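When we follow the UniProt record's numbering, the leftmost residue of the sequence shown carries the number 1, and every step to the right adds one. Glycine included, each C-beta is placed from N, C-alpha and C at the ideal position. Nothing here was measured: the structure is a model prediction, and the numbers come from that model.
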Amino acid sequence: MTSNKKTSFFGDSDLLLRAIRDSFLKLDPRTQWKNPVMFMVYLGAILTTAELFSSSGHLAFTAQISLWLWATVLFANFAEALAEGRGKARAESLRKTRRETQARKLTGNSETKVPASQLRTGDKVICEAGDIIPGDGEVVDGIASVDESAITGESAPVIRESGGDRSAVTAGTKVLSDKVVIQITTDPGKTFIDKMIALVEGAARQKTPNEIALSILLSALSLVFLLAVATLVPAVHYSLKEGGGDLGLSGSLPALVGFLVCLIPTTIGGLLSAIGISGMDRLIRRNVIAKSGRAIEAAGDIDVLLLDKTGTITFGNRMATRFLPAPKVEEQRLANAAQLASLSDETPEGRSIVVLAKEKYGIRGRNLSELGGNFVPFTAKTKMSGVDFTSQADGKSRQNIRKGASDAIRNYVIGLGGEFPDEIVRIVEDIAKEGGTPLVVSEGREILGVVHLKDVVKGGIRERFARLRTMGIRTVMITGDNPLTAAAIAAEAGVDDFIAEATPESKLKRIREEQASGKLVAMIGDGTNDAPALAQADVGVAMNTGTQTAREAGNMIDLDSNPTKLIEIVEIGKQLLMTRGSLTTFSVANDVSKYFVILPAIFASLYPMFGKGSLGVLNFLGLGSPESAVLSAVIFNALILVFLVPLALKGVEYRPIGADSVLARNVFIYGFGGLLLPFFGIKIIDVLLNYVQGWFV
């Protein structure tokens, strides 16, 4: 879809205009007092404006100070409004996906049509191809293809089916094929879309503990500076009485207010809220919903990352890669038997055996019904499958071909009076050590050999884990495989540790052990059995395709259901913390520079320094006058907010390097840079102000 709207970093023109409008609406005192630092600037702007109407001296100077103080407040409001506007735009698009639909409600065996708004938790509805799913729920019967583009933005349909970890469906999505029965799990107004809307537009956003702590620190600093500036008044009058001279700006309320505003950390105070909101926005743009800012912060501080093997580290579908025959058995005979046992096996593993036999030996698939065979399906109890049919060679003898787990085939063959060769035991152990899955094939009482199935590790995953290790994060692979297989895959993928034969209890135990040692833990999951661990983890990322229980337990939801997204979440969390720390450093460093500019200017009349005087050496920038010095600093203090808005919204660039290197780099850039930049900026503004002499009294 194309658009004629002009766009920039700040967004389209509508978003920009809405942010400008909201900047003025946020001048409401009930909004301003929530940010103590900017509320102090707000009060200062009111005082200087009142001074403008009650004093006849320095009117031009007072008017300009007042104007730039109001601009400072508006620029801070603009940063917050722009960050909120992005979320509101996303929320508006989500609202459009909500529509009043008619639900086919099941009552016993009868079906009635009711408005979706009348559905309640526990109700069951039927959805067929073309139907809009009327409420959040879980598929309890059937399987269907579902279009979830309204939620995820991805056009590719997904499969939803009963009885597994991919049973959850979301209101507003569309059934594309087949028929399912859905049990509603949420009441109207509490659906996933409703929660998303509240989260992304900021209505449900609460300040995080770190944000609250920083706000308290900034407020305390501001209070200290307020007391310091207030004590200047008696000090000035004492100096005037004892040493004579002229009050000048030292007795000017606008100058003292300007001095205070330049001393308090207005830069970080004005951008703090925008930084937090934009962190959630960056996650949303990657189709991840964070239920709280605390979760994003925790993601930036995590020490241990727990990942499922299947689908995260590996592709998940084990593929046949080799036929390993038993002694005195030809490999082609093994391939032929394995293919016969897999002709009716629709699993990815079974299909891969058929394909491998065809590619390696040209053995074409046959129809079991033509061969007079009966397929024996796999069951959890037998742990094997196969085929039984009468031999075409003599028309009498029966051929019973089986493929399955080594222990199951061993028991089967021994039960028929056969033997399990030591060579097969060795092959099975070797495959397990390599991280593969051995399927033993037998015909009657004879062991023919082993099919090597391998769950392929995703390309580039080793490099991503190395990147996490550089960030100081230890990775732990969770798998239901036996320890030998788990160790082999862990070594190939490059993870730091693994949990083999994992159960919900073992996951929960490991998380608690890590947390007890002072570590922050993140994990992903999509099933009901993952819910306890997701709830216990500091960062629990639930897959959108998973069960409703898992989505409720996690504090983040990945709409794309991409397990590797957890690595990006960690990077966004670290970027949020870095941005907040960097801009705090920059803000404090700025205040130091502005102090050395404004304080000498305020005392210029008492202790001559502009021109010839005992303190003239302090005017090292060569500023034109006390008025221009103070005004230049106030203007710089306001304009720097505007220039830092893109950085607050985009975030400081994150690089996977050690914490010491990050600290040193940011102190140099935002510490020394923040200390030097005001001197250059204030000097340039002072030159421009003095060039237009008519601006001053």
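| Item | Value |
| --- | --- |
| Spell out the partners DSSP gives N374 in its beta bridges. | D388 |
| Of the choices I182, R322, A298, T107, whose alpha-carbon is the least far from that of N210? | A298 |
| Can you tell me whether DSSP reads residue 750 as helix, strand or coil? | Absent from the structure is residue 750, since the part of the chain shown begins at 1 and ends at 697. |
| What three-state label does DSSP hand L416 in the structure shown? | coil |
| Am I right that L621 and F679 are in contact with their C-beta atoms under 8 angstroms? What's the rounded C-beta distance? | 6 angstroms |
| Spatial neighbours of A531 within its chain, please: C-beta separation below 6 angstroms, excluding the five flanking residues on both sides. | T549, A550, A553 |
| Can a CB atom of chain B be found closer than 8 angstroms to the CB of R469? | Structure shown: chain B not included; a single protein chain is present. |
| Would residue 707 be called buried (16 or more neighbouring beta carbons within 10 Å of its own) or exposed? | Given a span of 1 to 697 for the chain in the structure shown, any question on residue 707 remains unanswerable. |
| Check V37 in the structure and name its three-state DSSP category. | helix |
| Quick one, are the C-beta atoms of I126 and R160 less than 8 angstroms apart? | no |
| To the nearest angstrom, how far is it from the Cα of A337 to the Cα of G417? | 20 angstroms |
| Considering only residues of the stretch 105 to 160, which uninterrupted alpha helix (DSSP H) runs meet the minimum length of 4 residues and lie entirely inside it, listed in chain order? | 149 to 152 |
| Using 8 angstroms as the threshold, is the stretch 285 to 305 in touch with the stretch 587 to 601, meaning 3 or more CB pairs across them? | no |
| Going along the chain, which residues of its own chain have a beta-carbon closer than 6 angstroms to the beta-carbon of A204, five neighbours each way excluded? | Confidence at A204 is low in this model, with a pLDDT of 47, below 50, so the placement of that residue should be treated as unreliable; the coordinate-derived value is given next. Within the same chain, A204 has close Cβ partners A198. |
| Is it right to say T503 is buried, meaning 16 or more other beta carbons lie within 10 angstroms of its own, or is it exposed? | exposed |
| Compute the beta-carbon to beta-carbon distance between L74 and S23, rounded to the nearest angstrom, for a pair I have assumed lies under 8 angstroms. | 5 angstroms |
| DSSP three-state call for R285: helix, strand or coil? | helix |
| Contact between the stretch 177 to 190 and the stretch 219 to 234: three or more CB pairs below 8 angstroms? | no |
| Which one of I461, I499, S582 has the shortest CA to CA distance from I567? | I461 |
| Which residues in the same chain as A290 place their Cβ atom closer than 6 angstroms to its Cβ, once the five residues preceding and following it in sequence are excluded? | M280, L283, I296, M556 |
| Would you kindly report the start and end of the unbroken alpha helix (DSSP H) that includes F586? | 565 to 602 |
| What residue does the beta strand (DSSP E) around K458 start on, and which one ends it? | Element bounds for K458: n/a, residue is neither H nor E. |
| By Cβ distance, which residues of its chain are closer than 7 angstroms to E571, with the 5 residues on each side in sequence left out? | Y654 |
| According to DSSP, simplified to helix, strand and coil, what is D430? | helix |
| Start and end of the alpha helix (DSSP H) containing F323? | Per DSSP, F323 belongs to no alpha helix (DSSP H); it is in the beta strand (DSSP E), 319 to 325. |
| What's the C-alpha gap between N690 and F53? | 25 angstroms |
| If distances are taken between C-alpha atoms only, which option among E492, A601, I268, D538 comes closest to R510? | D538 |
| Going by C-alpha to C-alpha distance, which of L448, A81, A408 sits closest to K381? | A408 |
| By Cβ distance below 6 angstroms, which residues in the same chain neighbour G613 in space, the five residues on each side in sequence not counted? | Residue confidence for G613 is low, a pLDDT of 47 falling below 50, so the modelled location carries little weight; the figure read from the coordinates is stated next. Contacts found: none. |
| Measuring only the C-alpha atoms, how far is L484 from A500? | 9 angstroms |
| Which stretch, first to last residue, makes up the beta strand (DSSP E) that contains A542? | 539 to 543 |
| In the structure shown, what three-state DSSP assignment does R402 receive? | strand |
| What separation, rounded to the nearest whole angstrom, lies between the Cα atoms of A633 and D558? | 46 angstroms |
| Do you know how far the Cα of A466 is from the Cα of E429? | 29 angstroms |
| Beta-carbon separation of A320 and V425 under 8 angstroms? | no |
| Within this structure, are the beta carbons of L176 and V146 separated by less than 8 angstroms? | yes |
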